[in-house]
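Student:
There are 2 protein chains.
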Amino acid sequence: MFNIAQKNTLQYIILGMLQDDEKTGYDIKTAFTTEIGEFWQAKHSQIYPELSKLTKKGWIDFQTEIVGTKLEKKVYSLTKTGRMALLEWINEPLTELPTNKDEFVLKLYFIRSIDDQRLPEMIQQQIDLHQKKLEHLEDRKIAVFPDKKIKENYGHYLILMHAIHREEEYLSWLESLTKRA
Amino acid sequence: MFNIAQKNTLQYIILGMLQDDEKTGYDIKTAFTTEIGEFWQAKHSQIYPELSKLTKKGWIDFQTEIVGTKLEKKVYSLTKTGRMALLEWINEPLTELPTNKDEFVLKLYFIRSIDDQRLPEMIQQQIDLHQKKLEHLEDRKIAVFPDKKIKENYGHYLILMHAIHREEEYLSWLESLTKRA
DNA sequence: GCCTTCATGTAAGAAGTTACATGATTTC
DNA sequence: GAAATCATGTAACTTCTTACATGAAGGC
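Below, the structure is given as structure tokens:
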């Protein structure tokens with residue numbers, strides 16, 4: 027039962043997404059671009075095979091529903107074993123921190139000189155990208171938590187606020203660069 | 027010449043590492059755990075094959091040197107074409123931001139309730155990890171930039187400072203959680 | 001002498017992306 | 001009627017990790 031060397035994080039994320047509601051593969055795909063997209067991403071070509079594997083393992087099961095007259099969709103839900111596996115994963119302590127790959131920072135590193143002419147434009151492009159992302163996150167915050175519905179979905183609130191703070195920090199770092207470059 | 031759809035970032039990072047000094051595969055491997063390890067990582071099993079490919083492409087070449095009496099090492103250096111490829115990559119504008127995968131944040135998200143008993147310990151473990159990392163980064167800063175040698179290696183300084191700020195932000199977010207959890 | 005670091009590679013497999021493939025439903 | 005979205009899958013390929021494999025040099 028002490029399954030120490032588990033990996034395949036994606037499967038646990040899928041389980042987590044199913045813990046309260048049942049969802050289709052399409053719903054799960056969509057959640058990766060809205061809810062948790064800031065902290066994990068997966069394409070449908072990775073999700074559908076994973077759903078098959080989880081079904082074979084007995085961690086999830088599904089019912090086929092008909093939309094309209096023909097379109098079939100598979101509505102997945104957690105089984106008891108699936109719920110146990112999810113809890114085990116959550117309780118498993120994390121001993122390492124992830125590497126956050128950042129191509130922009132690397133390019134900056136390889137430029138080396140403070141006086142390089144390319145720097146101002148590169149930094150500005152990066153500022154624009156992060157600004158746009160920050161605005162998008164702020165919009166989402168207003169849309170998802172219009173009043174004080176925070177406590178009802180604290181996890182989602184936390185994740186959003188963390189993403190916002192992260193962007194703010196990145197932007198303030200970029201802006202400190204413009205003063206020097 | 028307008029090679030829009032280039033990928034394989036690792037190869038460009040290797041080129042970047044060779045722009046000032048020649049290096050062995052081992053040196054490159056080591057740099058991924060010291061200099062730029064915060065923003066990209068690669069194992070030697072990925073580096074050595076990549077060095078072969080770059081050599082075949084003519085972007086780098088090497089000389090074999092003997093250490094002691096027998097140990098052969100390959101000292102790689104940038105060719106002119108390699109230097110051009112590096113510049114092209116640096117000048118290529120970045121249009122997307124990376125996804126920073128974070129398993130801890132996801133677990134938090136799936137826990138949802140603020141009152142969950144597991145939270146305090148999970149958060150504390152995470153604080154410890156980030157604290158240790160921050161200390162390590164601070165040590166490196168002192169070791170690499172003891173006096174005012176910043177301007178001579180501004181890229182390295184920037185990358186280090188960014189990593190430090192990122193950790194500080196993460197820690198302050200984690201500490202804000204302990205007050206609520 | 002022993003342990004750590006230096007030094008270089010390959011093989012197998014897991015994880016992730018891009019492209020191929022299809023078709024129904026809804027909205028405008 | 002057209003376009004966007006819903007809906008599900010597979011194939012090929014790239015990227016990354018873990019394990020296999022070997023051996024020299026240097027420090028203590």
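As you go down the protein sequences, you meet chains B and V in turn.
Just so we're aligned, residue 27 is where the first sequence starts under our numbering, counting upward by one.
Just so we're aligned, residue 27 is where the second sequence starts under our numbering, counting upward by one.
C-beta: ideal position from N, C-alpha, C; glycine also.
Could you run through the region 43 to 67 of chain V and flag, in chain order, every residue whose CB is less than 9 Å away from some CB of chain B?
Tutor: So the close ones are Met43, Gln45, Asp46, Glu61, Ile62, Gly63, Glu64, Phe65, Trp66 and Gln67.
Student: Look at the alpha carbon of Ile30(V) and the alpha carbon of Asp47(V), and state the distance between them as a whole number of angstroms.
Tutor: Position 4 of the second sequence holds residue 30(V). Position 21 of the second sequence holds residue 47(V). Unreliable placement is indicated for Ile30(V), whose pLDDT of 48 sits below 50; no coordinate value is reported for it.
Student: Measuring CB atoms only, is the region 106 to 117 of chain V touching the region 78 to 87 of chain V, in the sense that at least three cross pairs come out at less than 8 Å?
Tutor: They touch, by the three-pair rule.
Student: I need the straight-line Cα distance from Val131(B) to Glu91(B), nearest angstrom please.
Tutor: The residue given as residue 131(B) occupies position 105 in the first sequence. The residue given as residue 91(B) occupies position 65 in the first sequence. C-alpha separation (whole angstroms): 47 Å.
Student: Quick one: measure Cβ to Cβ for Leu97(B) and Gln72(B), integer angstroms, because I've assumed they're closer than 8 Å.
Tutor: As a working note, residue 97(B) is residue 71 in the first sequence. As a working note, residue 72(B) is residue 46 in the first sequence. Actually they are not in contact, since the Cβ atoms of Leu97(B) and Gln72(B) sit about 23 Å apart, beyond 8 Å.
Student: Taking the C-alpha atoms as reference points, what is the distance between Tyr135(B) and Tyr74(V)?
Tutor: Here the question's residue 135(B) lines up with position 109 in the first sequence. Here the question's residue 74(V) lines up with position 48 in the second sequence. Approximately 23 Å, taken between the alpha carbons.
Student: Tell me which residues share the same chain as Phe28(V) and place their Cβ nearer than 7 Å to its Cβ, disregarding the 5 neighbours each side in the sequence.
Tutor: Within the second sequence, numbered from 1, the residue matching residue 28(V) stands at position 2. Confidence is the limiting factor: at Phe28(V) the pLDDT is only 41, short of 50, which leaves the residue's position unreliable, though a coordinate-based value still follows. No residues qualify anywhere along the chain.
Student: I want to verify the contact list: residues of chain B whose CB lies under 8 Å from the CB of His188(V), in sequence order.
Tutor: Position 162 of the second sequence, counted from the first residue, corresponds to residue 188(V). Those are Val131 and Trp199, listed as they occur along chain B.
Student: Let's test the definition: count the other Cβ atoms within 10 Å of the Cβ of Lys79(V) and tell me whether it reaches 16, buried, or not, exposed.
Tutor: The sequence position of residue 79(V) within the second sequence is 53, counting from 1. With fewer than 16 other Cβ atoms within 10 Å, it is exposed.
Student: Is the CB of Asp173(B) under 8 Å away from at least one CB in chain V?
Tutor: Start at 1 with the first residue of the first sequence, and residue 173(B) comes out as number 147. It does not; no Cβ of chain V falls within 8 Å.
Student: In the structure shown, what three-state DSSP assignment does Thr107(B) receive?
Tutor: Taking the first sequence and counting its residues from 1, the one referred to as residue 107(B) is at position 81. Helix at Thr107(B).
Student: Based on Cα-Cα distance, which residue from Val170(B), Leu120(B), Lys69(B) and Leu44(B) lies nearest to Ile185(B)?
Tutor: Indexing the first sequence from 1 puts residue 185(B) at position 159. Of the listed residues, the one whose Cα sits closest to Ile185(B) is Val170(B).
Student: Verify whether the separation of the beta carbon atoms of His191(V) and Glu195(B) is less than 8 Å.
Tutor: Within the second sequence, residue 191(V) is the residue found at index 165, counting from 1. Within the first sequence, residue 195(B) is the residue found at index 169, counting from 1. The Cβ atoms of His191(V) and Glu195(B) sit closer than 8 Å to each other.
Student: Name, going along the chain, the residues of the region 110 to 137 of chain B whose beta-carbon falls closer than 8 Å to a beta-carbon of chain V.
Tutor: Leu112, Trp115, Ile116, Asn117, Pro119, Leu120, Thr121, Glu122, Leu123, Pro124, Thr125, Asn126, Lys127, Asp128, Glu129, Phe130, Val131, Leu132, Lys133, Leu134, Tyr135, Phe136 and Ile137
Student: Any Cβ of chain V within less than 8 Å of the Cβ of Glu195(B)?
Tutor: Within the first sequence, numbered from 1, the residue matching residue 195(B) stands at position 169. Taking Cβ atoms only, chain V reaches closer than 8 Å to Glu195(B), which makes this a yes.
Student: Could you confirm whether any beta carbon from chain V is found closer than 8 Å to the beta carbon of Leu104(B)?
Tutor: Counting from one through the first sequence, the residue named residue 104(B) turns up at place 78. Taking a beta-carbon distance threshold of 8 Å, Leu104(B) does not count as an interface residue toward chain V.
Student: Quick one: which chain B residues come within Cβ less than 8 Å of Gln151(V)?
Tutor: What you label residue 151(V) is simply residue 125 of the second sequence in a count that begins at 1. One finds Pro119 and Leu120 in chain B with Cβ atoms closer than 8 Å to the Cβ of Gln151(V), taken in chain order.
Student: So, is the C-beta of Lys99(V) closer than 8 Å to a C-beta in chain B?
Tutor: The count along the second sequence starts at 1 and reaches residue 99(V) at position 73. Answer no: the Cβ-Cβ gap between Lys99(V) and chain B never drops below 8 Å.
Student: Checking contacts by CB at 8 Å: is Lys79(B) closer than that to chain V?
Tutor: As a working note, residue 79(B) is residue 53 in the first sequence. It does not; no Cβ of chain V falls within 8 Å.
Student: Any Cβ of chain V within less than 8 Å of the Cβ of Arg144(B)?
Tutor: Here residue 144(B) refers to the residue found at position 118 when the first sequence is read from its first residue. For Arg144(B), the closest Cβ of chain V is nearer than 8 Å.
Student: Residue range of the beta strand (DSSP E) that Gln67(V) falls in?
Tutor: On the second sequence, residue 67(V) is found 41 positions in, with the first residue counted as 1. Per DSSP, Gln67(V) belongs to no beta strand (DSSP E) and is neither H nor E.
Student: Can you find the residues in the same chain that come closer than 8 Å, C-beta to C-beta, to Tyr52(V), ignoring five residues on each side of it along the sequence?
Tutor: Residue 52(V) sits at position 26 when you count from the first residue of the second sequence. Around Tyr52(V): His70 and Lys99.
Student: Give me, in chain order, the residues of the same chain whose beta-carbon lies closer than 6 Å to that of Leu197(V); leave out the 5 immediate sequence neighbours on both sides.
Tutor: As a first step, residue 197(V) must be located in the second sequence, where it is residue number 171. In its chain, beyond the 5 residues on either side, His156 have a beta carbon closer than 6 Å to the beta carbon of Leu197(V).
Student: Would you please verify whether the beta carbon of Phe28(V) is less than 8 Å from any beta carbon of chain B?
Tutor: As a first step, residue 28(V) is located in the second sequence; it is residue number 2 there, counting from the start. Any reading at Phe28(V) needs caution, since the residue's pLDDT is 41, under 50, leaving its predicted position unreliable; the model's value is listed next. Taking a beta-carbon distance threshold of 8 Å, Phe28(V) does not count as an interface residue toward chain B.
Student: Are the C-beta atoms of Arg166(V) and some chain B residue less than 8 Å apart?
Tutor: Within the second sequence, residue 166(V) is the residue found at index 140, counting from 1. False, the Cβ-Cβ gap to chain B never drops below 8 Å.
Student: Gly181(B) CB to nearest chain V CB: under 8 Å?
Tutor: Reading the first sequence from its first residue, position 155 is the one you call residue 181(B). Yes, contact with chain V.
Student: Please list the terminal residues of the continuous alpha helix (DSSP H) segment that includes Gln143(B).
Tutor: Counting from one through the first sequence, the residue named residue 143(B) turns up at place 117. It is not in any alpha helix (DSSP H) - Gln143(B) carries neither H nor E in the DSSP assignment.
Student: Taking 8 Å as the cut-off, decide whether the C-beta atoms of Tyr180(B) and Ser202(V) are in contact.
Tutor: Sequence index remark: in the first sequence, residue 180(B) carries index 154 (1-based). Sequence index remark: in the second sequence, residue 202(V) carries index 176 (1-based). Not closer than 8 Å, so no.
Student: Checking 8 Å against the spacing of the C-beta atoms, do Lys159(B) and Glu129(B) come in under that value?
Tutor: Translated into the one-based positions of the first sequence, residue 159(B) becomes position 133. Translated into the one-based positions of the first sequence, residue 129(B) becomes position 103. Not closer than 8 Å, so no.
Student: State the Cα-Cα distance for the pair Leu112(B) and Gln152(V), rounded to the nearest angstrom.
Tutor: As a first step, residue 112(B) is located in the first sequence; it is residue number 86 there, counting from the start. As a first step, residue 152(V) is located in the second sequence; it is residue number 126 there, counting from the start. When only Cα atoms are considered, Leu112(B) and Gln152(V) end up about 19 Å apart.
Student: Return the CA-CA distance between Thr56(B) and Glu61(V), expressed in angstroms with no decimal places.
Tutor: As a working mapping, residue 56(B) is identified with position 30 in the first sequence. As a working mapping, residue 61(V) is identified with position 35 in the second sequence. Taking the straight line joining both Cα atoms gives about 37 Å.
Student: Check whether chain V comes within 8 Å of Thr35(B), counting only Cβ atoms and requiring the distance to be less than that.
Tutor: Counting from one through the first sequence, the residue named residue 35(B) turns up at place 9. It does; some Cβ of chain V falls within 8 Å.
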